[in-house]
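The sequence shown begins at 589 in this note's numbering and counts up by one. The beta-carbon is built from N, C-alpha and C at its ideal position, and this holds for glycine as well. Written below as structure tokens is the structure these notes are about.
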Amino acid sequence: MFFDKIFPKLLSVKAQEEAEEEELQDAQQILRDKCKETEHALKLAEKYEACNERVRSRTRTTENCSEELFDLLHAIDHCVTKDLFSKLK
Numbered sequence: 589m590f591f592d593k594i595f596p597k598l599l600s601v602k603a604q605e606e607a608e609e610e611e612l613q614d615a616q617q618i619l620r621d622k623c624k625e626t627e628h629a630l631k632l633a634e635k636y637e638a639c640n641e642r643v644r645s646r647t648r649t650t651e652n653c654s655e656e657l658f659d660l661l662h663a664i665d666h667c668v669t670k671d672l673f674s675k676l677k
């Protein structure tokens, strides 16, 4: 009798916890995905890809694409920070 009352409650609590875990999404990752699609980020990504192709086509080069990569990441991070803290709980 005692277990008949408690056991269904335990199952429903566990089911609710699992449902809550499935609903959780990383707000930063969602914003990053949106910011990657902005015009500015797409232009910087294009510059980075062009640099990457140029570096890969050469066998001996001292050039690397770190500046282009940092510019791209900075633009995405700047876009994300505008809205991130309003999305956090």
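- In the three-state scheme derived from DSSP, where H, G and I count as helix and E and B as strand, Arg620 is classed as helix.
- About 5 Å separates the beta carbon of Leu660 from that of Tyr636, a gap short enough to meet the 8 Å contact definition.
- Setting aside the 5 residues that flank it on each side, Val668 is surrounded in the same chain by Gln616, Leu619, Arg620 and Cys623, each with a C-beta closer than 8 Å to its C-beta; the list follows chain order.
- Distance from the CA of Thr626 to the CA of Ser674, rounded to the nearest whole angstrom, comes to 20 Å.
- With a threshold of 16 other beta carbon atoms within 10 Å, Ala629 meets it and is buried.
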